[in-house]
Amino acid sequence: MPQKCLHLRKYGHEPWDPGDPLRGGFATHCVLWPGTAIAAVDESLPAEVAAPVSCATATVAAVIRAAGPIREGARALVNGAGMLGLTAVAMLAAAGAEVITVDPHERRREQALRFGAAEVRPVGSPVGEVDVALELSGASGAVQTCLDSLAVGGTAVLAGSVSPGPAVNLDPERLVRGLHRVVGVHNYHPDDLRTAVEFITDHHRQRPFAELVSDARPLTGLDTATSTTHPDQVPRRAIRP
């Protein structure tokens, strides 16, 4: 798991070091550290579509991989229809799954249908049993829904809980008798980056990925762009250096 290397450094996460600058994305240039995983992107791929690949798209590729092979007709639950959730819907639908998406925002639920969801539900609505449950919102209630919705042999993959939150209930007997798997995913493997590039290259015309990154601002407008984003609006805003 190279993403958990003891000497890992993450672009855009490290403290500013004047002796080692240009290590983030909000710049006209970025200098790569030795050992950085890279993937070639076709020049025909629109920048708005390619921009999330090294973050949201690759993370979702890791989540789908952790869920195991997705069989044709499997029922899959996606909790959260933000950038990661909508990408997961598209990937699962492309694999032949029947996708149920849960999100509190009506606009996002409507978007999920356009990304391939078979059903959309508001938070708190019953979803029935599923073979795969992906938690991408970070809400403890959504984690609980994933755990409680698993069918026999089902797998829950948790990726949204990246900060402390309320505890959830886990019934060991149900876990054991149901042959359930619960997997955590944080960041991604270099292979997931390559998978993400391949997927977005092959499918960006079939689903409205370009709509997820919009309202491009210049680098000088960074502060305004990051302070006015609303969860019910476009998931990401673009910065053009």
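Residue numbers (UniProt numbering): 1 to 241.
C-beta: ideal position from N, C-alpha, C; glycine also.
### Query
Whole beta strand (DSSP E) runs in the UniProt domain "Alcohol dehydrogenase-like C-terminal" (84-201) with 3 or more residues, listed along the chain?
98-102, 119-121, 130-135, 150-158 and 181-184
### Task
Assuming residue 60 and residue 77 form a contact by the criterion Cβ under 8 Å, report the distance between their Cβ atoms to the nearest whole angstrom.
Their Cβ separation, rounded to whole angstroms, is 14 Å, which puts residue 60 and residue 77 out of contact at 8 Å.
### Message
Checking 7 Å against the spacing of the C-beta atoms, do residue 90 and residue 116 come in under that value?
### Response
yes
### Message
For residue 88 and residue 234, what's the separation of their Cα atoms in angstroms?
### Response
17 Å
### Message
Count Cβ pairs between the segment 150-164 and the segment 106-125 that sit closer than 8 Å; are there 3 or more?
### Response
no
### Query
For the candidate residues 192, 193, 180 and 142, whose alpha-carbon lies nearest to that of residue 168?
142
### Query
In three-state terms, what does DSSP make of residue 215?
strand
### Query
Rounded to whole angstroms, how far is the Cβ of residue 213 from the Cβ of residue 43, which I believe are closer than 8 Å?
Not quite, the Cβ-Cβ distance comes to about 18 Å (not below 8 Å), so this is no contact.
### Task
Could you tell me if residue 180 is buried or exposed, where buried requires 16 or more neighbouring beta carbons within 10 angstroms of its beta carbon?
buried
### Task
Would you tell me roughly how many angstroms separate the C-alpha atoms of residue 32 and residue 178, rounded to the nearest one?
46 Å
#### Entry: Coil, strand or helix - residue 41 by DSSP
coil
### Message
To the nearest angstrom, how far is the alpha carbon of residue 23 from that of residue 73?
### Response
43 Å
### Task
Determine the burial state of residue 54: buried for a count of at least 16 other Cβ atoms within 10 Å of its Cβ, exposed for fewer.
buried
### Query
So residue 237 is in the beta strand (DSSP E); what residue range does that whole segment cover?
236-240
### Task
Find out if the Cβ-Cβ distance for the pair residue 83, residue 58 is shorter than 7 Å.
no
### Query
Among 190, 226 and 15, which residue has its Cα nearest to the Cα of residue 215?
226
### Message
What does the Cβ neighbour count give for residue 198, buried or exposed, with the cut at 16 atoms within 10 Å?
### Response
exposed
### Query
What are the boundary residues of the alpha helix (DSSP H) that residue 65 is part of?
56-67
### Query
Based on Cα-Cα distance, which residue from 218, 112, 4 and 25 lies nearest to residue 13?
25
### Query
Taking the alpha-carbon positions, what's the residue 196 to residue 204 distance?
11 Å
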